[in-house]
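Engineer: Numbering (my numbering) for the sequence shown: 65 to 563.
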Amino acid sequence: MEVIVKKGKAASEKTTALVGFFFEGTKRPEGVLKELNSSLKGKISALLESGDVKGKSGEVSLIRTDRLIHAPRLFLVGLGKREKFEKETVRQAAGTAAKMLKQYRLEEGTFLAETLPTQKFSPETWGELLTEGARLGAYSFERYKTVQEEPKKALKKVSLLVGRQAPARMERGVKIATIITDSVYRVRDLVSEPSNAVTPSRLAAVAKEIGQKTGVKVTVLEKPAIEKLGMGGLLGVSRASHEGPRFIIMEYNLKAKHRPLFIFVGKGITFDTGGISIKPANNMEQMKYDMSGAAAVLGTLEAVTRLKLPFRVVGLAPTCENMPGGHAYKPGDILKALNGKTIEVKNTDAEGRLILADALSYAQRYKPDGVVDLATLTGACIIAVGNFVIALMTNNDRLAKKVMQAGESSGERTWQLPLWEEYSELVKSEIADIKNIGDGTAGTITGAAFLKEFVNYPWVHLDIASRAWTEKDLPYIPKGAVGIGVRLLVDFLRHWKNE
Ligand code: BES
Ligand code: MN
Ligand code: ZN
C-alpha cells in the first residue's frame, strides 16, 4: 500500500472516501470540517449534535455525501480526549481509518490531514505518523488463502490531503515511514510464515536477498564454520534437527571507523518444540514465532541500510530448530559456548539463551558501543508484564535509557526489570560454569542473568515474548505477528546522540 501527499480541496477531491478526524466532545465542526460541512449542507454538524457519535478513540462513523461533494463517503474517526493526544493517537487513528477503508473493500482513500491538530508536530512527523499507522493497519497475511469468499480487493493507496501546508516536508516523513514499514511488513511476513516455510536456511536466504537489494554485507555461516568457531550452544540446540543451523551476520557501513557501532542480536528459533523437555501439544503451533527476534534484526538492517543512517551497524541472528530426536541434546548435557564458558543444560526448552550465548560472545569481537538483543525468551515475560510492553534488562543504564526513550517515541514501549547480582547466583551450576535455568522464580530475569555471562560491553536485553504476537486486533496491528523491533531500533538510532 502506497501513501502519497496531495494538495487540494476536500470537496472537489476525486476519491472514493474522505477521512476526517475529530476529538471527543467536539460540538461543531471546525476548520476543514467546517468548510466541508457547508458543502454537505450541515450533515457533519447534524451528526455531532445528534449525540450518536462521541469521538472516542477507535470510533468511526460514515456519512453518505449524496453527491453534494465529489467523494461518495466521508468517514469520521474519533481521536479520543484532546488532553490525551500523543503520537500514538495519530498512528492508531490512521490505522483505524485504513482498516475501515479495507473493510469497505475500497482500493483508495484520502485522509484530511488538516483535520488533525497540525501545530502539534512538524509536517515530517505528521507524514511519518500517518503513513506508519495507515500502512501497518492495512496489513494482512493472506498468502495461503487459495479460496476467496469474495473477489480479492486490496487497499492500494492512501492520499494525505493538505490545503494550506506545503506538501514537500510531509512527503519526507512519508518516505521514511514507508521504508520503515516495508521492513515491518517483512518481519510480519517472516513471523507469520509457518516453520516448514521459514527454516533456518530460508531465513538466511532472506538475509542474502536483503543484502543483494540494499548493499548491506551478509555472511552466512553453515554448520562446518559454526563447528570450527566452537559455537557449542547453537550446535547443541540444533543437533536433532534435519535443518542445519545458520549463523547470519549482516554488516552495514563498517568502514566508517569514526561512527558509533551498534549490534542487534536476534533469537532465530524457527520452531521450538522444547526438545527432549518437550512442550505440551496445546498451542505448540505458536512456537513458529520463536524467530521474531531474528526477523526483527533482518528487518532493522534492511531499514537502516535504506535510510543510510550515520552509524556502523551489525546484525547477528543465530537460527535453528529445537527438536527432540535420537541425536537431540539432553538434560544434563554440558555445552561449551563460543567464549569458552561451560553450560549445564537443565532444560532443553531454555534453548534461546544457548544460541544467544554464542551470538553475544561473537559480538565481542566488534568492540561495540552498544548491543541490543531481542528474543522471545520466556513465557514468564507474558506473566510478568502482559501483552502491552517489552521487558527490558541491562548492564548499562545509559544505553537502556536511550532504548526506553525510543520505546516511548516509536510506540514500541519497554519496561525495565532489575538485573542485580543476586539473580546471577540463581544460574550458577554445580558441575559447570553456569546452568540454563534458575530455580523457577523470576524466569524472565534469570534468562537475562544467564545472557549477562556472555557480554563485556554496554548491553540491553529485550524479552519480546510478550510483544511478538497479538491475539487481539489492535488499531494498527492486526491480530497475528506484530513485527516488533524494527520501529524501536530505528528510532533508537535516529535519536542517538553521543553526549
Ligand atoms: N520460546 C520460549 C518462550 C516463549 C513461550 C515465547 C511462550 C513466547 C511464548 C522459550 O524457548 C522457552 O521455552 N522458555 C521456557 C524457559 C524455561 C524452561 C526456563 C519457558 O518460558 O517456559
Ligand atoms: Mn523453549
Ligand atoms: Zn524458544
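Positions of the beta carbon are idealized from the N, C-alpha and C atoms, including for glycine.
Between the alpha carbons of MET65 and GLU485, how many angstroms are there, rounded?
Structural biologist: Within the sequence shown, the letter at position 1 stands for residue 65. Within the sequence shown, the letter at position 421 stands for residue 485. Spanning the two alpha carbons is a distance of roughly 49 angstroms.
Engineer: Rank GLY122, LYS120, GLY84 and GLU123 by C-alpha distance to the C-alpha of ILE35 and give the top, closest one.
Structural biologist: Lying before the first or after the last residue shown, residue 35 is absent from the chain, which here runs from 65 to 563.
Engineer: Should the segment 341–354 be regarded as contacting the segment 220–234, the criterion being three or more beta carbon pairs within less than 8 angstroms?
Structural biologist: Segments in contact, no.
Engineer: Based on the DSSP output, what are the partners of ALA545 in its beta bridges?
Structural biologist: By 1-based counting over the sequence shown, the position of residue 545 is 481. TRP533, per the DSSP bridge assignment.
Engineer: Between the beta-carbon of VAL361 and the beta-carbon of ASN317, is there less than 8 angstroms?
Structural biologist: Position 297 of the sequence shown, counted from the start, is the residue given in the question as residue 361. Position 253 of the sequence shown, counted from the start, is the residue given in the question as residue 317. No; because the gap between Cβ atoms is not below 8 angstroms, this pair is not in contact.
Engineer: Sorted by chain position, which residues of the same chain lie with C-beta nearer than 8 angstroms to HIS134's C-beta, five sequence neighbours on each side aside?
Structural biologist: Locating residue 134 in the sequence shown gives position 70, counting from the first residue. For HIS134, where only same-chain residues beyond five positions count, the Cβ hits under 8 angstroms are ALA75, SER76, GLU77, LYS78 and THR79.
Engineer: Determine the closest residue to GLU408 out of GLY300, GLY389, ALA269 and VAL453, with distance taken between C-alpha atoms.
Structural biologist: Within the sequence shown, residue 408 is the residue found at index 344, counting from 1. Ranking GLY300, GLY389, ALA269 and VAL453 by Cα distance to GLU408 puts GLY300 first.
Engineer: Under the rule that 16 or more other beta-carbon atoms within 10 Å means buried, what is THR195, buried or exposed?
Structural biologist: The sequence position of residue 195 within the sequence shown is 131, counting from 1. Result: buried.
Engineer: Can you determine whether any heavy atom of the ligand ADP sits closer than 7 angstroms to the C-beta of GLY338, and answer yes or no?
Structural biologist: Here the bound small molecules are the ligand BES, the ligand MN and the ligand ZN; the ligand ADP is not part of this structure.
Engineer: Is the beta carbon of LEU143 sitting closer than 8 angstroms to the one on SER121?
Structural biologist: Here the question's residue 143 lines up with position 79 in the sequence shown. Here the question's residue 121 lines up with position 57 in the sequence shown. Contact flag set, yes.
Engineer: Does the beta-carbon of ILE509, which I'm using as the reference point, lie nearer than 7 angstroms to any heavy atom of the ligand BES?
Structural biologist: By 1-based counting over the sequence shown, the position of residue 509 is 445. Because no heavy atom of the ligand BES lies under 7 angstroms away, the Cβ of ILE509 does not count as near it: no.
Engineer: Across the segment 524–539 and the segment 424–443, are there enough close Cβ pairs to call them in contact, namely three or more that are closer than 8 angstroms?
Structural biologist: Cβ pair count under 8 angstroms is three or more, so yes.
Engineer: Using a Cβ-based criterion (distance less than 7 angstroms to any ligand heavy atom), does ALA367 qualify as near the ligand MN?
Structural biologist: Here residue 367 refers to the residue found at position 303 of the sequence shown. No, since every heavy atom of the ligand MN falls outside the 7 angstroms radius drawn around the Cβ of ALA367.
Engineer: Indicate whether the contact test is met: 3 or more Cβ pairs, each with one atom in the segment 334–343 and one in the segment 289–297, closer than 8 angstroms.
Structural biologist: With a cut-off of 8 angstroms, the segment 289–297 and the segment 334–343 do not count as touching, because too few Cβ pairs lie within range.
Engineer: For a test of your reading of the model: does the CB of THR383 fall under 7 angstroms from any non-hydrogen atom of the ligand BES? Yes or no.
Structural biologist: To locate residue 383, count along the sequence shown from 1; it is residue 319. Incorrect: THR383 has no Cβ contact closer than 7 angstroms to the ligand BES.
Engineer: Less than 8 angstroms between the C-beta atoms of ALA464 and HIS559, yes or no?
Structural biologist: Against the sequence shown, residue 464 aligns to sequence position 400. Against the sequence shown, residue 559 aligns to sequence position 495. Contact flag unset, no.
Engineer: Suppose you measure from the CA of VAL262 to the CA of GLY191; what does that come to, to the nearest Å?
Structural biologist: For the purposes of this step, residue 262 is identified with residue 198 of the sequence shown, where counting begins at 1. For the purposes of this step, residue 191 is identified with residue 127 of the sequence shown, where counting begins at 1. Near 33 angstroms, if we compare the C-alpha coordinates of GLY191 and VAL262.
Engineer: Start and end of the beta strand (DSSP E) containing ASN101?
Structural biologist: Along the sequence shown, read from residue 1 onward, the residue named residue 101 stands at position 37. Unbroken run through ASN101 is the alpha helix (DSSP H), 95–103; no beta strand (DSSP E).
Engineer: What are the residues that DSSP puts in a beta bridge with TYR316?
Structural biologist: For the purposes of this step, residue 316 is taken as the residue at position 252 of the sequence shown. Its beta-bridge partners are VAL377.
Engineer: Is there at least one non-hydrogen atom of the ligand MN closer than 7 angstroms to the beta-carbon of ASP437?
Structural biologist: Here the question's residue 437 lines up with position 373 in the sequence shown. Not so, every heavy atom of the ligand MN lies at least 7 angstroms from the Cβ.
Engineer: Do you know offhand how far GLU53's Cα is from ARG531's?
Structural biologist: The question about residue 53 has no answer here: the residues shown for the chain are numbered 65 through 563.
Engineer: Hey, which unbroken runs of the alpha helix (DSSP H) at 4 residues or more fall wholly within the segment 101–125?
Structural biologist: Fully enclosed alpha helix (DSSP H) runs of 4 or longer: 107–114.
Engineer: Report the rounded CA-to-CA distance for THR383 versus VAL368, giving the unit in angstroms.
Structural biologist: Translated into positions along the sequence shown, residue 383 becomes position 319. Translated into positions along the sequence shown, residue 368 becomes position 304. Computed Cα separation, rounded: 21 angstroms.
Engineer: Below 8 angstroms, how does it come out for the segment 320–327 and the segment 422–434: are there three or more Cβ pairs, yes or no?
Structural biologist: Yes, the segment 320–327 is in contact with the segment 422–434.
Engineer: Quick one: residues in its chain with C-beta nearer than 7 angstroms to the C-beta of LEU97, no 5 flanking neighbours on either side, listed in chain order?
Structural biologist: Within the sequence shown, residue 97 is the residue found at index 33, counting from 1. Only GLY84, PHE86, ILE108 and THR179 meet the Cβ criterion.
Engineer: Label ASP130 either buried or exposed according to how many other C-beta atoms from any shown protein chain fall within 10 Å of its C-beta, with 16 as the threshold for buried.
Structural biologist: The residue you call residue 130 lines up with position 66 of the sequence shown. So ASP130 counts as exposed.
Engineer: Could you tell me whether any non-hydrogen atom of the ligand BES is closer than 7 angstroms to the CB of GLN229?
Structural biologist: The sequence position of residue 229 within the sequence shown is 165, counting from 1. No, the ligand BES has no heavy atom inside 7 angstroms of this Cβ.
Engineer: I believe ILE501 touches THR510 by the beta-carbon criterion, under 8 angstroms. Please report the beta-carbon distance rounded to the nearest angstrom.
Structural biologist: Position 437 of the sequence shown, counted from the start, is the residue given in the question as residue 501. Position 446 of the sequence shown, counted from the start, is the residue given in the question as residue 510. The pair is a contact, with the Cβ atoms about 7 angstroms apart (cut-off 8 angstroms).
Engineer: By the DSSP assignment, the beta strand (DSSP E) with THR90 in it spans what residues?
Structural biologist: Position 26 of the sequence shown, counted from the first residue, corresponds to residue 90. No beta strand (DSSP E) holds THR90; DSSP gives it neither H nor E.
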